[in-house]
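Please read the structure below before turning to the comments.
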Amino acid sequence: MEKIPAACAMEWSIALEKALRSKVPGRAIEAISQVGRRLEQWNLEPEPTMAAYNLYGLVPGEERLFANAILLRLTDAFMTGERDIKLAVVRAFVGLSKSERKKRRMKKGRKIKDGILSKGRVSNSSELLRRVKVVFDGGDAESRAMALVLFGCWADFAKDSANIRYLILSNLVSSDVAVVKAALFAAGCFCELSSDFASVVLEMLVNLVTSPDVPLTARWAGVRTFSRMQCSYAVADRAYKTGRKLVSESSDEAFLVKMLYSISKLAGSLSILAFEQILLSVLPTITRMNKMEFDQLLTCILTASQCPVESKSLLALRCLADLCIRLTKGLEMGSATITPSLSLNVASLLLDRIVLLVQPLSNVSQIDSKIFVEVRAELRCLLHLVGKHPNLVLPMLDKLNLLIRHLINDHENPAPSTQEGSLEEKCKPICLKIMVILYKYLVACLDFLNEINAITLQVFEKIKILIQGICGCKLFSLYIQTLYSLLLHSRLIWNSMVKEDEEINENLSYDYWIESEVFTLMCAQKMLIGEDYWLAYKCGMLAASHGAWFTATFIFGNLMTKVRSHSCCCWLKSLAQLSLCEMKIQLLVLPTQELRSTECLELIKLLPDTLFEDGIGEVENYVGGHTNIVDYGEKLVCAYSYLNSSWETLKSCITTSGQTFCFQAWFLALRVKMLGIVSEAVTVLAGIPSNRNAEGQKETQISMHDCFEFSRKFTQLSARLKRLSEEFDLIAASFIDIDWRSSKIVSTLALGCSLLSFAAGFALFFPNLPPRDIVASEQENVSQATLVQNLFGRLCHIDHETSVSLSSLAEVDRCPKSFHGSHFQPRALGVGCEIREVLSLCRNVVSRVLHLQNQAKESCDEEVISQVTENGQQLLLDIITGLMRVPFQTPEYYFRTRPCMGSELFVVNADTKLSDGIFVSPGLCLSLNICIQLRNVPPNLLMQPIKLHCIICCNLSFQEPVVPRYKLLQCASRSWETDDMLILNEELYQHVMRRAEKYDKKHGKDSHDGKASRAFLSFEVSERGQGFSTCFLDVSRFPAGTYRMKWHSCCVDSRGSYWSLLPLNAGPVFTIR
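Mapping to the UniProt record's numbering: the sequence shown position 983 is 983, numbers consecutive.
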């Protein structure tokens, strides 16, 4: 458990005192800087609660005494120290002052404690001011300036001193520029807090910024002070109108820019003023412009886009693009319209500018990092434009093709004065950067088109031409050629190759698949021969992400023999085994054609022999698909064995790498479970005796005993698949930094499991098949309603028609409040091609189940039951084969090998000072002080956790006699392998949803029934991811013994989304004695 700043205050104060007395040169300055950073961190922490005081053994209020001691020591150092010491103290307080202002901004909307420099926290404020005033009165101009800066930093308690106010106002007219700027800084700080002081300063500012006698730097500082007039609306409105008047009366461009920025910043701080902001005042009038006015505006912007000044032309182009984005689809504005031709012209201008930016490739010295930044900005702007105008895709691809051709021509026809060899060496790294940027743009563009189902054969042909041009030029490295060729493996591209009746043209798609696979394999082989192992690994990651399993197997299988580290070797071997399994499944569903089979055999011969347990012939048997269901089941079981081997190999990494491979191990474990259940289902289906002759005619009917027996087995599989779908839900919601593509893949797998569960549980939709007493006891949570609700929750937001059909099978909650299948999936799935194939299977299975129900209603005799059972089994087989044909892709997040974000729970007994355990007497409740700590929080996280919630529960069955230390670590290492995490997460989610609807309560609320006790807690999160609370567990009816608490936590981010947090330590243990 990390110490909070309040618990470190005494230590920091003593360390500062020692450093200030040290004779080591520079030690005092270093200590001042360090304590300044510590105070900034402390300033952002919430006020310690009683739970925090108890956990750290603190006396309430003692941290304030030490904080004041630190402030006094810093002030003493400023008063008595040399110039460097004074500067270090000023820097420390300026940083702390910025932290205070940040806190005040955060305070809008929710209650946050006062900062360290607030009036209520500083008990010796008069002494601080007196000592700094001594320096001001007896020092030179620089010392006076530094003292004024300190007064500004202490504005919260210094604003009440008339003497300090007078010093600041009088020095606004000082003859020394540094003193004036310091006084303006202090005045700005005071103006944020005091209305009457701000009114006086505003009058003086007008004279200061307009006087020609005032130095320019002081005038600009005065202009910036306008943005600090935020203490009240009246003052802000006056300052805003004064600044606007000064703008209208001035012709100085530099003054106009700075003043406009300052008053715009002021307007942005108050929502009322934002509507009057000068820079935004034209927007409401655009929709009321007539055609002449609008044409004049467009002409003005178009003229500016041709300006030789790059910054102005770039700004104009972005304005044009923004105009086209906001006013789309011929939106009428009076009589003016944004036409498609205008959008096309803007897109062409943007692409032409990109060509101009990369044109100096022949003169490499002109290329710098700024150009790459501009290229990214232009492409980002172009992507937004294409997002609103999908018809621009084809012209855009043509332009990109010209850009690639331009780069190739520059390489093939260098300038006469340039040596060809030296130019090629210099151009390659630049081309690499440019091509990677273009690749990311192309992928983003395809992702968008996929979401709106706008990828067509024409788009595919354009992309193919572009890729062929790249792969045929030696200017581009093998890595770049592989990068682009893998796009032909993308399911986005496969989905585009459809006929008018929307049936996939398998011959065309698989032809392109084999052609691309051969090329990428050749590139990978050359990279490995050239020992470009890191680039080869990156290509292997991309191949697995695109479903290019031959290439992935080849790369990982070769790389695992090149590394020395045990963990790296295990990781690569696991990836190779995973790729080999998926390659086998891919071969199993490949259309059976002799020519295609021959090409696949040639690909297989390139793979390393060390991967195969029974020789390469083992994989060759998969070419050509399968002959019957028995053969299909046997090949699936063989592929499953490789996937299970991959999981076993990865588990050996987990013991040495902590939480580094947490997502990988969890995801792979779920994939192993899924393929294992599917293999088991196919084996059961293969074991059903055939009742048809060689001509396919029905000879006998399935006996009632067999009907019930097979229905029972499939119902058991249905229960396991339903739970597996919920586990996929949980993993998708347990990694807050997961990318949206990976989230889609996980959510699609969850939908697939839910669909299989629905199909496998077909017997539950027929009252006479089987009787309720035949269903095994472990299937108590599986029923017709639960299966329908599980699938309905995933489809209700993305397929309304199928959802309506589902609701006719059973009563469903149309606003589901369960975590599984309703909270996470609608946002994650979308309607891209990744989900369309599964949705098609959903529509098929629901319609067939409805048809079977209607068929069963007509009669209940044995023949109808037998026929319904046979049809249900065929339905399950069709769904399995259909799902196996959906290409599997490894989530990109799978290759982010880093410790996962999670939480740790620290618990102590609130009723005793004992630190060697938690004890309670029989018949009493357990009172606990609790700290929760976030771990491994990713840097630059877009969605910051703002609230933590936790559930702690204990049951009579949780009793354990001995708790060795190693077992504590074991329990926390793979908590997702137990059922507890699913159950606790569902309960916690329900509690969080109820709190959001009803009330907010800080402390734990206990619920119990004598045999079990649970408490829900909420925590305010500090900047360091810590929270404190207290709770009571009613264990008064528990007999004497040692019990383990089980717990789970979650967080709610800044967007209101729910995220489960992995528990990184075991549940605490308590003893009743």
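Beta carbons are placed, not taken as given, at the ideal position from N, Cα and C, and that holds for glycine.
- S645 is the residue among S567, S645, S545 whose C-alpha sits nearest the C-alpha of Q577.
- A buried status is given to M146, since no fewer than 16 other beta-carbon atoms sit within 10 Å of its beta-carbon.
- Per DSSP, reduced to three states, the secondary structure at G872 is helical.
- A buried status is given to W647, since no fewer than 16 other beta-carbon atoms sit within 10 Å of its beta-carbon.
- Contact between I408 and L466 does not hold, since their C-beta atoms are separated by about 12 Å, which reaches or exceeds 8 Å.
- The three-state secondary structure of T1071, taken from DSSP, is strand.
- Annotation for F667: I731, V746, P891, Y894 place their beta carbon closer than 8 Å to its own, counting only its chain and skipping 5 residues before and after.
- In this chain, H797 is not harboured by any beta strand (DSSP E), its DSSP state being neither H nor E.
- Here DSSP, grouped into helix, strand and coil, assigns A1015 to strand.
- The DSSP-derived three-state label of G139 is coil.
- In terms of Cβ geometry, I301 and L323 form a close pair [threshold 9 Å].
- Between I688 and F710 the beta-carbon gap is near 6 Å, inside 8 Å, which marks them as a contact.
- Taken through DSSP and simplified to helix, strand or coil, E1023 comes out as coil.
- Judged by pairs of C-beta atoms under 8 Å, the segment 868 to 883 does not touch the segment 719 to 729, as fewer than three such pairs exist.
- Beta-carbon to beta-carbon, L350 and C319 are separated by about 12 Å, too far to satisfy the 8 Å threshold.
- Here L117 carries a coil assignment [DSSP, helix/strand/coil].
- In the DSSP annotation of this structure, the continuous segment of the alpha helix (DSSP H) that includes H546 starts and ends at 533 to 546.
- For D916, the secondary structure class from DSSP, reduced to helix, strand or coil, is coil.
- Shown here, N929 sits in a strand according to DSSP, grouped into three states.
- Taking a cut-off of 8 Å on C-beta distances, the segment 122 to 131 touches the segment 156 to 170, as three or more cross pairs fall below it.
- Counting along the chain, D1053 sits inside the beta strand (DSSP E) bounded by residues 1046 to 1053.
- Proximity of the segment 428 to 438 to the segment 380 to 398 falls short of the contact definition, fewer than three beta-carbon pairs being nearer than 8 Å.
- Taking a cut-off of 8 Å on C-beta distances, the segment 516 to 534 does not touch the segment 456 to 465, as fewer than three cross pairs fall below it.
- Under the three-state reduction of DSSP, S232 is assigned to coil, being neither helix nor strand.
- With a threshold of 16 other beta carbon atoms within 10 Å, R898 falls short and is exposed.
- Closest in alpha carbon position to A444, among H384, H406, I430, L924, is H384.
- Here the alpha carbon of A19 sits roughly 12 Å from the alpha carbon of I85.
- P1063 sits buried, since 16 or more C-beta atoms from the chains shown fall within 10 Å of its C-beta.
- Cβ atoms of G1027 and L948 come within 8 Å of each other, at about 5 Å.
- If you check the CB distance, L876 and F1032 do not come in under 9 Å.
- Here G188 is not near T217, since their CB atoms are 9 Å or more apart.
- Taking 8 Å as the upper bound for CB-CB distance, L643 and L675 are in contact here, some 6 Å apart.
- The beta carbons of R1044 and F919 sit no closer together than 9 Å.
- In summary, Q933 is buried, with 16 or more beta-carbon neighbours lying within 10 Å of its beta-carbon over all protein chains present.
- For W666, the uninterrupted alpha helix (DSSP H) run begins and ends at 662 to 686, by DSSP.
- The DSSP-derived three-state label of R843 is helix.
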